[in-house]
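In terms of my numbering, the sequence shown is residues 2 to 160. The C-beta atom is built at its ideal place from N, Cα and C for all residues, glycine as well. Since this is a predicted model, take the numbers as computed values, not measurements. Taking it in order: structure first as structure tokens, then the write-up.
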Amino acid sequence: QASRAETADNAATQVRGLEFFMFDPKPTREERGRTFSVRAEKGERDPESGVWTLEQTQAIVYNETGEPMTIRAAKCFFDEENGIARLTGGVVVETTDMQLDVNEIEWNNERGEAVTNGAATLKRGETVLETSRVIINPSEEQLICYQTHGTIAFNEETP
């Protein structure tokens, strides 16, 4: 379902019920596996840049070695040509045992990592950390936090 919204110079297409995918840029096997997908209630493509502005989004970062990471956000700017998705507005990143709250996070498909833009709160059970920046590399199962403080719960059972 699409509707046209005419502007003075260009035309933008508004669409409902969208889903976009990114695939492994350096596959180690014949099939290129999914690395990232995003679903949105509605979106609009900028005719000049080709970037989609998506609203009410849920993204998935795929990981061959574990469970996928989900990201919910108010908006996603999806740039398929450059392999970048920037999610903004009340962003919640979740794995099976961790939650990260942040205002903005950017997935870079070439590097295979997500980087927060600004402060973030990481929660895992009773552990709560405040950090200025987080880099998540799912394929390496790596989480790097900068300028971090908070409470770490030892001897805690993982959910």
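H150 vs L130 beta-carbon contact at 9 Å: yes
S50 - DSSP class collapsed to helix/strand/coil: coil
Assigned secondary structure, S133 (DSSP; H/G/I helix, E/B strand, else coil): coil
Element boundaries [beta strand (DSSP E), containing G119]: Per DSSP, G119 belongs to no beta strand (DSSP E) and is neither H nor E.
Alpha-carbon to alpha-carbon, A154 and F78: 36 Å
For T71, the first and last residue of its enclosing beta strand (DSSP E): M70 to D80
Cβ separation of G113 and T36, assumed to be a contact under 8 Å, to the nearest whole Å: 7 Å
Coil, strand or helix - E105 by DSSP: strand
Cα-Cα separation, G84 to F22: 10 Å
Closest by C-alpha distance to Q148, when choosing among A120, G51 and A86: A120
Buried or exposed (CB count within 10 angstroms, at least 16 for buried), G44: buried
E141: first and last residue of the uninterrupted beta strand (DSSP E) it sits in: Neither: E141 is in no beta strand (DSSP E) and is coded neither H nor E.
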